[in-house]
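Student:
2 protein chains.
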Amino acid sequence: MPLDTTRLAAFYRDALLRDCMPFWFPRCVDTQHGGFLHCVDADGSVLDTDKSVWAQGRMSWMLLTLFNTLESRLEWLAWGESGLRFLEHHGVDRSDPLGRMYFHVTREGQPIRKRRYAYSESFTAIAYAAHARATGHAVSAERARALFDLFVKWNFTPGLMPPKYTGTRPMIGMGPRMITLVTAQELATNLGDDAMLRSWRDRCIEEIEKLFVRPELQCVMENVAPDGSLVDHFDGRLLNPGHAMEAAWFIMQEGALRRESRFVELGCKMLDWMWARGWDAEHGGIFYYRDAAGKPVQEYWHDMKFWWPHDEALIATLMAWRLTGEPRYAEWHERVRLWSFEHFADAQHGEWFGYLNRDGSRSTTTKGNLWKSFFHHPRALWMCHGMLAAEAPPA
Amino acid sequence: MPLDTTRLAAFYRDALLRDCMPFWFPRCVDTQHGGFLHCVDADGSVLDTDKSVWAQGRMSWMLLTLFNTLESRLEWLAWGESGLRFLEHHGVDRSDPLGRMYFHVTREGQPIRKRRYAYSESFTAIAYAAHARATGHAVSAERARALFDLFVKWNFTPGLMPPKYTGTRPMIGMGPRMITLVTAQELATNLGDDAMLRSWRDRCIEEIEKLFVRPELQCVMENVAPDGSLVDHFDGRLLNPGHAMEAAWFIMQEGALRRESRFVELGCKMLDWMWARGWDAEHGGIFYYRDAAGKPVQEYWHDMKFWWPHDEALIATLMAWRLTGEPRYAEWHERVRLWSFEHFADAQHGEWFGYLNRDGSRSTTTKGNLWKSFFHHPRALWMCHGMLAAEAPPA
Numbered sequence: 001m002p003l004d005t006t007r008l009a010a011f012y013r014d015a016l017l018r019d020c021m022p023f024w025f026p027r028c029v030d031t032q033h034g035g036f037l038h039c040v041d042a043d044g045s046v047l048d049t050d051k052s053v054w055a056q057g058r059m060s061w062m063l064l065t066l067f068n069t070l071e072s073r074l075e076w077l078a079w080g081e082s083g084l085r086f087l088e089h090h091g092v093d094r095s096d097p098l099g100r101m102y103f104h105v106t107r108e109g110q111p112i113r114k115r116r117y118a119y120s121e122s123f124t125a126i127a128y129a130a131h132a133r134a135t136g137h138a139v140s141a142e143r144a145r146a147l148f149d150l151f152v153k154w155n156f157t158p159g160l161m162p163p164k165y166t167g168t169r170p171m172i173g174m175g176p177r178m179i180t181l182v183t184a185q186e187l188a189t190n191l192g193d194d195a196m197l198r199s200w201r202d203r204c205i206e207e208i209e210k211l212f213v214r215p216e217l218q219c220v221m222e223n224v225a226p227d228g229s230l231v232d233h234f235d236g237r238l239l240n241p242g243h244a245m246e247a248a249w250f251i252m253q254e255g256a257l258r259r260e261s262r263f264v265e266l267g268c269k270m271l272d273w274m275w276a277r278g279w280d281a282e283h284g285g286i287f288y289y290r291d292a293a294g295k296p297v298q299e300y301w302h303d304m305k306f307w308w309p310h311d312e313a314l315i316a317t318l319m320a321w322r323l324t325g326e327p328r329y330a331e332w333h334e335r336v337r338l339w340s341f342e343h344f345a346d347a348q349h350g351e352w353f354g355y356l357n358r359d360g361s362r363s364t365t366t367k368g369n370l371w372k373s374f375f376h377h378p379r380a381l382w383m384c385h386g387m388l389a390a391e392a393p394p395a
Numbered sequence: 001m002p003l004d005t006t007r008l009a010a011f012y013r014d015a016l017l018r019d020c021m022p023f024w025f026p027r028c029v030d031t032q033h034g035g036f037l038h039c040v041d042a043d044g045s046v047l048d049t050d051k052s053v054w055a056q057g058r059m060s061w062m063l064l065t066l067f068n069t070l071e072s073r074l075e076w077l078a079w080g081e082s083g084l085r086f087l088e089h090h091g092v093d094r095s096d097p098l099g100r101m102y103f104h105v106t107r108e109g110q111p112i113r114k115r116r117y118a119y120s121e122s123f124t125a126i127a128y129a130a131h132a133r134a135t136g137h138a139v140s141a142e143r144a145r146a147l148f149d150l151f152v153k154w155n156f157t158p159g160l161m162p163p164k165y166t167g168t169r170p171m172i173g174m175g176p177r178m179i180t181l182v183t184a185q186e187l188a189t190n191l192g193d194d195a196m197l198r199s200w201r202d203r204c205i206e207e208i209e210k211l212f213v214r215p216e217l218q219c220v221m222e223n224v225a226p227d228g229s230l231v232d233h234f235d236g237r238l239l240n241p242g243h244a245m246e247a248a249w250f251i252m253q254e255g256a257l258r259r260e261s262r263f264v265e266l267g268c269k270m271l272d273w274m275w276a277r278g279w280d281a282e283h284g285g286i287f288y289y290r291d292a293a294g295k296p297v298q299e300y301w302h303d304m305k306f307w308w309p310h311d312e313a314l315i316a317t318l319m320a321w322r323l324t325g326e327p328r329y330a331e332w333h334e335r336v337r338l339w340s341f342e343h344f345a346d347a348q349h350g351e352w353f354g355y356l357n358r359d360g361s362r363s364t365t366t367k368g369n370l371w372k373s374f375f376h377h378p379r380a381l382w383m384c385h386g387m388l389a390a391e392a393p394p395a
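First to last, the sequence lines map onto chains A and B. Take 1 as the starting number for the first sequence in UniProt numbering and just add one per residue. Take 1 as the starting number for the second sequence in UniProt numbering and just add one per residue.
Printed below as a string of C-alpha cells:
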C-alpha cells in the first residue's frame with residue numbers, strides 16, 4: 001500500500017496550522033509574565049497557572065523550528081523568544097554551582113520543584129539552538145552548547161546525579177542516551193555539526209544497540225544493569241513501546257543524515273519489535289507499558305493510550321517507509337494515523353486529547369498539563385508534513 | 001434496610017479465613033530469607049522477589065492481630081515473627097543517625113530504596129505492638145514506642161524531613177495525621193493507652209478537622225497550605241475519596257473507643273461528603289482521585305477502581321451504621337460490598353485483584369506488588385467480621 005504523499009502532506013500541514021497551532025496560540029502566551037500557560041482543558045481554559053520548565057523549552061523550540069523551516073512568521077519568533085526570556089529569568093537555579101535548572105515553577109517564575117534529572121536543560125538547549133539559527137545570535141548558540149555540555153556531564157559523569165536507589169542493584173536507562181542523541185542532532189542541524197556532537201551521537205547509538213536492543217527477546221529494554229544484563233524485576237522488565245519507537249526514529253534520522261544504512265536498519269528493527277509489542281490488536285492504539293516477559297506491569301496506567309506514543313509512531317512508521325519503501329511501514333502508518341485521529345482528535349476545539357483508556361474512551365478532557373504541551377503532537381505533524389512534502393511533486 | 005448481621009459476620013469470616021488467608025499463606029512465607037514474598041500474580045506465583053518494607057510490617061501486624069483477636073493459631077504467630085525478624089535484620093538503615101528504615105529491599109534484605117517519608121516506621125511500629133500483646137515481650141513494646149516516636153518526630157518537627165518541593169508554596173498532607181492517629185490507636189490498644197498517645201490522637205483529629213475537612217466545599221482535602229488555605233492547583237485540588245473514608249473510620253473508631261460523639265459525627269460527615277464525591281454513579285465503585293472543583297485530575301489513574309478504597313469503604317460504612325443506625329450507611333455498605341465482590345474477587349484462586357478500569361474490567365491480574373499485600377483486604381474482612389460478630393446473637 002503506497003501512501004498518497006501529496007494528500008497526506010496537506011493533511012499534516014492542515015492539522016498543524018489549522019487545528020493544533022490555533023488551539024494553543026495566541027491564548028497560551030502569558031503576556032503578563034512571559035512564557036506559556038500550558039495546563040489547559042479541552043476548550044483551552046487554564047486548569048493550572050503553574051509552568052513546566054520542560055514545556056517552556058519544548059514550546060519555544062517548536063515555535064522557533066517552525067519559524068526556521070516552515071514559514072518565517074514573526075509572531076512565532078516573538079512567542080518563542082517570550083519562552084526563552086522566561087527560562088533565562090526563571091528557569092535556572094542561581095544557587096546551583098553547575099547552573100542546573102528547575103522542573104516546575106509558578107506562573108510568576110518562583111521555583112516549585114527541581115528534579116534529579118536534567119531534561120529541563122536538554123529541552124532548553126534545543127530551544128536556544130533553534131533561536132540561534134532563527135536570529136544568528138551568538139549568545140543563544142553559546143547557551144545551547146553550554147546546556148548540552150551540562151546535560152551530558154550530569155548524565156554521564158559517574159556519581160554526579162544523586163541516585164534514586166541504593167547501589168545494590170544499579171540500572172541505567174535508555175532515556176538519557178536517546179535524549180543526548182536527539183539533542184546533539186538538533187545542535188548539529190542548527191549550529192553546525194562537529195566532532196564532539198558526532199562522537200556523542202555515535203556513543204549513544206552504540207550504547208542503545210549494545211545494551212538496550214535485545215535480539216534474544218526481540219525487544220528494546222528501558223532499563224538494564226550497567227553491563228547490559230537483564231534485571232528480572234518489575235522495573236527491569238518494563239517496556240515502553242512509544243519511547244522505543246521514538247528512539248528508533250532518532251536513530252533512523254541519524255542514518256538519513258549521515259547516509260549510514262546500518263543506523264536505518266537498527267531503527268527499523270527497533271520499530272518492528274516494538275510495534276509487535278506495543279500495538280493493541282484488540283482495541284487498537286499503542287499500550288503505554290508492556291512487560292518483556294508478558295507478566296503484569298506494576299505501573300497503573302500501563303494499558304492506557306497516551307497521545308505521545310501515537311505521535312512518535314506516526315513519525316517512526318513514516319520515516320521507516322520513506323527510508324526503506326517497505327509496504328508494512330506504510331500500512332502501520334495509516335493504521336496508527338486513522339486510529340489516533342479518530343480517538344484523540346477534538347473536532348470541536350482542535351488539538352488532541354492527551355489520555356484515553358485502553359478501549360479508546362476518553363479518560364480526561366485535558367489538553368495540556370505538566371507533561372503535555374505544544375510539543376509531541378505538533379512535532380509529529382511537522383515531521384510528517386516535512387517528510388511527505390519532500391516526497392511530493394511540487395504543487 | 002437493616003443488615004443481616006449474623007449472615008454477614010459469617011460472610012466476612014469465611015472471606016478472611018477461606019478465601020484471602022489461604023491465597024497468601026503459607027506460600028508467601030520466605031522460608032529461606034524470612035519475611036514475605038508478596039509481589040504475586042493471580043495464582044500466587046511470584047512476579048518479583050523484592051520486598052516492600054511496608055508490606056513486611058503490615059503483613060506481620062495483620063497476622064499478629066488475627067492471632068490476638070480471632071484465633072490463637074501458632075502458625076500465625078510464627079509467620080508474623082518471621083516478618084519482624086526480617087525487618088529487624090534488614091529493615092533499618094544502620095547508617096542513619098535516627099535509625100530510619102528502608103522502603104524497598106531485595107529478597108535477601110539488601111537495600112534498594114529509602115524514601116523521604118516514614119511509613120515503613122509506622123507500619124513496623126504497629127507490628128511490634130501486636131507482637132508485644134501476643135507474647136508479652138517488653139522489647140517489642142519498646143521497639144513499637146521507639147518507632148512511633150521516630151515517626152512523629154520525623155513528620156512533625158519542622159525542617160527534619162527533606163522537602164520534595166521548594167518553600168515557594170508549601171503544602172501539608174492529611175496522610176501523616178491519619179497514620180499518626182491510627183498508629184497511636186494501635187499502640188493504645190495493644191500496649192495500653194497513655195496521655196502521650198491520647199494527645200497525639202487529639203492533635204491529629206483536631207488538625208484534620210481544622211485544616212482538611214472543608215464545609216464550604218463539602219469535602220475532605222488531601223493537601224492544603226499550612227494555614228489551611230486552599231491551593232488552587234492540580235495538587236491542591238486533589239481529592240482521594242478512599243483515603244478520606246479511611247481517615248473517617250479512624251476518627252469514628254476514636255469516637256467509639258472514647259465514647260466521644262463529636263468524633264463519630266465528624267467521621268460520618270467526612271464519609272457522607274466523600275461518598276458523594278467518590279462513588280461512580282455510572283459504573284459503580286469508588287474513583288481513585290477527584291478534583292475538588294470538578295476539573296480534570298492530572299494523575300493518570302484517577303478514574304481506576306483500586307481494591308483498597310473499596311476495603312476502606314466497607315469498614316467506614318459499616319462502622320457508621322453500627323455507631324449511628326442510619327439506614328443509608330447499611331445501604332452504602334451493601335452497595336460497595338456487592339460491587340466489590342462482584343468485580344475484585346477471583347473465584348478461581350481467591351483474594352481480590354488489585355486494579356480495575358473505571359468500567360470494572362480488570363487492568364491486570366496482579367494480586368500483590370510493592371503496594372498491595374496482605375493488609376487492606378484482610379483488615380477490612382477482619383474489621384467487618386468483628387463489628388458484626390459483636391452485634392450478632394451468640395451462635
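Yeah, the Cβ is synthetic: ideal placement off N, Cα and C, and Gly gets one too.
#1: On the three-state DSSP scale, how would you describe W371 (chain B)?
#2: At a CB distance below 7 Å, what residues from the segment 215–235 of chain B approach chain A? Give them in sequence order.
#3: If distances are taken between C-alpha atoms only, which option among A:Y329, A:T324, A:R85 and A:M304 comes closest to L314 (chain A)?
#4: Which residues mark the beginning and the end of the beta strand (DSSP E) in which N111 (chain B) is found?
#5: Please state whether DSSP places V53 (chain A) in a helix, a strand or coil.
#6: Report back the beta-carbon spacing between A236 (chain A) and G278 (chain A) to the nearest angstrom; my notes put them in contact at under 8 Å.
#7: Going by the beta-carbon positions, is the gap between L338 (chain A) and L8 (chain A) smaller than 7 Å?
#8: In this structure, how does DSSP classify L356 (chain B) when only helix, strand and coil are distinguished?
#9: Buried or exposed: A247 (chain B), going by 16 or more other Cβ atoms within 10 Å of its Cβ?
#10: Using a Cβ cut-off of 7 Å, pull out every chain D residue sitting near D303 (chain B), in sequence order please.
#11: Counting only Cβ-Cβ distances shorter than 9 Å, please list the residues of the segment 344–357 of chain B near chain A, keeping chain order.
#12: Do you know offhand how far Q348 (chain A)'s Cα is from W382 (chain A)'s?
#13: Please work out which residues of its chain come closer than 6 Å, Cβ to Cβ, to I251 (chain B), disregarding the five sequence neighbours upstream and downstream, and give them in chain order.
#14: According to DSSP, which residues form a beta bridge with C20 (chain A)?
#15: Taking the Cβ atom as the reference point for each residue, do A244 (chain A) and M270 (chain A) lie within a distance shorter than 7 Å?
#16: Measuring only the C-alpha atoms, how far is E108 (chain B) from H90 (chain B)?
#17: Starting from the C-beta of W301 (chain A), find all residues in its chain whose C-beta is less than 6 Å away, skip the five residues before and the five after it, and write them out in chain order.
#18: Note down, in chain order, all residues in the segment 267–298 of chain A with a beta-carbon under 8 Å from any beta-carbon belonging to chain B.
#19: Can you tell me where the alpha helix (DSSP H) with L3 (chain A) in it begins and where it stops?
#20: Look at the alpha carbon of A390 (chain B) and the alpha carbon of S361 (chain A), and state the distance between them as a whole number of angstroms.
#21: Exposed or buried, which one is R94 (chain A) when buried takes at least 16 other CB atoms within 10 Å?
#22: Can you say whether K305 (chain B) is buried or exposed, counting buried as having 16 or more other CB atoms within 10 angstroms of its CB?
#23: Exposed or buried, which one is D227 (chain B) when buried takes at least 16 other CB atoms within 10 Å?
#24: Count the other CB atoms within 10 Å of the CB of H376 (chain B); is the residue buried (16 or more) or exposed (fewer)?
#25: List the DSSP bridge partners of I172 (chain A).
#26: If you draw a straight line from the C-alpha of T366 (chain A) to the C-alpha of A15 (chain A), how long is it?
#27: From the DSSP output, read off the bridge partner residues of I286 (chain B).
#28: Closer than 9 Å by beta-carbon distance: list the chain B residues that pair up with N369 (chain A), in chain order.
#29: Between which two residues does the alpha helix (DSSP H) holding L338 (chain B) run?
#30: Quick one: using the 10 Å Cβ neighbour count with 16 as the cut-off for buried, is E71 (chain A) buried or exposed?
#31: Quick one, which residues of the segment 145–169 of chain A are near chain B if we go by CB-CB under 8 Å, in chain order?
#32: Could you tell me which of A:N369, A:F103, A:A320 and A:R100 sits nearest to W307 (chain A), measuring between CA atoms?
#33: Mind reading off the beta-carbon distance from A144 (chain A) to A125 (chain A)? Whole number of angstroms is fine, and I expect it under 8 Å.
#34: If you reduce the DSSP assignment to three classes, tell me which class W382 (chain B) lands in.
#35: Does DSSP classify C268 (chain B) as helix, strand or coil?
#36: May I have the straight-line CA-CA distance separating G136 (chain B) from G80 (chain B), to the nearest angstrom?
Tutor: This is what the structure gives:
#1: Here residue 371 (chain B) refers to the residue found at position 371 when the second sequence is read from its first residue. In this structure, W371 (chain B) counts as coil in the three-state DSSP scheme.
#2: H233 and F234
#3: As a position in the first sequence, residue 314 (chain A) is number 314, starting the count at 1. For the residues A:Y329, A:T324, A:R85 and A:M304, the minimum Cα distance to L314 (chain A) belongs to A:Y329.
#4: Within the second sequence, residue 111 (chain B) is the residue found at index 111, counting from 1. This sequence places Pro at residue 111 (chain B); Asn is not what is there. Segment P111 to R113, the beta strand (DSSP E) holding P111 (chain B).
#5: For this step, residue 53 (chain A) is matched to residue 53 along the first sequence. In the structure shown, V53 (chain A) sits in a helix (DSSP, three-state: H, G or I).
#6: Numbered from 1 along the first sequence, position 236 holds the residue referred to as residue 236 (chain A). Numbered from 1 along the first sequence, position 278 holds the residue referred to as residue 278 (chain A). Ala is not the amino acid found at residue 236 (chain A); the sequence shown has Gly there. Wrong, their Cβ atoms sit about 18 Å apart, outside the cutoff.
#7: In the first sequence, counting from the first residue as 1, residue 338 (chain A) sits at position 338. In the first sequence, counting from the first residue as 1, residue 8 (chain A) sits at position 8. No, they are not a contact pair.
#8: Looking up residue 356 (chain B) in the second sequence gives position 356. The answer is strand: DSSP assigns L356 (chain B) an E or B state.
#9: Residue numbering aside, residue 247 (chain B) sits at position 247 when the second sequence is read from its first letter. A247 (chain B) comes out buried.
#10: The structure shown contains no chain D; its protein chains are A and B.
#11: Y355 and N357
#12: As a working mapping, residue 348 (chain A) is identified with position 348 in the first sequence. As a working mapping, residue 382 (chain A) is identified with position 382 in the first sequence. Taking the straight line joining both Cα atoms gives about 22 Å.
#13: Locating residue 251 (chain B) in the second sequence gives position 251, where the first residue counts as 1. Excluding residues within five positions, the ones whose Cβ falls inside 6 Å are I205, F263, L266 and G267.
#14: Taking the first residue of the first sequence as position 1, residue 20 (chain A) is located at position 20. Beta-bridge pairing links C20 (chain A) to no other residue.
#15: Residue mapping note: residue 244 (chain A) aligns to position 244 of the first sequence, counting from 1. Residue mapping note: residue 270 (chain A) aligns to position 270 of the first sequence, counting from 1. A contact, by the Cβ cut-off of 7 Å.
#16: By 1-based counting over the second sequence, the position of residue 108 (chain B) is 108. By 1-based counting over the second sequence, the position of residue 90 (chain B) is 90. Roughly 8 Å separates the two Cα atoms.
#17: Stepping through the first sequence from its first residue, residue 301 (chain A) is reached at position 301. Excluding sequence neighbours, W301 (chain A) sits near Y288.
#18: K295, P296, V297 and Q298
#19: What you label residue 3 (chain A) is simply residue 3 of the first sequence in a count that begins at 1. Premise fails: L3 (chain A) is in no alpha helix (DSSP H) and is neither H nor E.
#20: In the second sequence, counting from the first residue as 1, residue 390 (chain B) sits at position 390. In the first sequence, counting from the first residue as 1, residue 361 (chain A) sits at position 361. Straight-line Cα distance between these residues: approximately 46 Å.
#21: For the purposes of this step, residue 94 (chain A) is identified with residue 94 of the first sequence, where counting begins at 1. By the 10 Å Cβ count, R94 (chain A) comes out exposed.
#22: Residue 305 (chain B) sits at position 305 when you count from the first residue of the second sequence. Buried, because 16 or more other Cβ atoms sit within 10 Å of the Cβ of K305 (chain B).
#23: Indexing the second sequence from 1 puts residue 227 (chain B) at position 227. When all chains shown are included, D227 (chain B) counts as exposed.
#24: The count along the second sequence starts at 1 and reaches residue 376 (chain B) at position 376. Counting Cβ neighbours within 10 Å, H376 (chain B) comes out buried, since at least 16 surround it.
#25: Here residue 172 (chain A) refers to the residue found at position 172 of the first sequence. Its beta-bridge partners are A:V224.
#26: Working through the first sequence from its first residue, we reach residue 366 (chain A) at position 366. Working through the first sequence from its first residue, we reach residue 15 (chain A) at position 15. Answer to the nearest angstrom: the Cα atoms are 19 Å apart.
#27: By one-based count along the second sequence, residue 286 (chain B) stands at place 286. DSSP lists B:W279 as partners of I286 (chain B).
#28: As a working mapping, residue 369 (chain A) is identified with position 369 in the first sequence. Chain B residues near N369 (chain A): F234, P296 and Q298.
#29: Counted from its first residue, the second sequence places residue 338 (chain B) at position 338. Residues P327 to H343.
#30: Sequence index remark: in the first sequence, residue 71 (chain A) carries index 71 (1-based). It counts as exposed.
#31: K164, Y165, T166, T168 and R169
#32: Position 307 of the first sequence, counted from the start, is the residue given in the question as residue 307 (chain A). Ranking the options by Cα distance to W307 (chain A), first place goes to A:N369.
#33: For the purposes of this step, residue 144 (chain A) is identified with residue 144 of the first sequence, where counting begins at 1. For the purposes of this step, residue 125 (chain A) is identified with residue 125 of the first sequence, where counting begins at 1. A144 (chain A) to A125 (chain A), Cβ: 5 Å. Contact.
#34: Here residue 382 (chain B) refers to the residue found at position 382 when the second sequence is read from its first residue. Correct three-state label for W382 (chain B): helix.
#35: Residue 268 (chain B) sits at position 268 when you count from the first residue of the second sequence. Three-state DSSP puts C268 (chain B) in a helix.
#36: Walking along the second sequence from the start, residue 136 (chain B) turns up at place 136. Walking along the second sequence from the start, residue 80 (chain B) turns up at place 80. Approximately 15 Å, taken between the alpha carbons.
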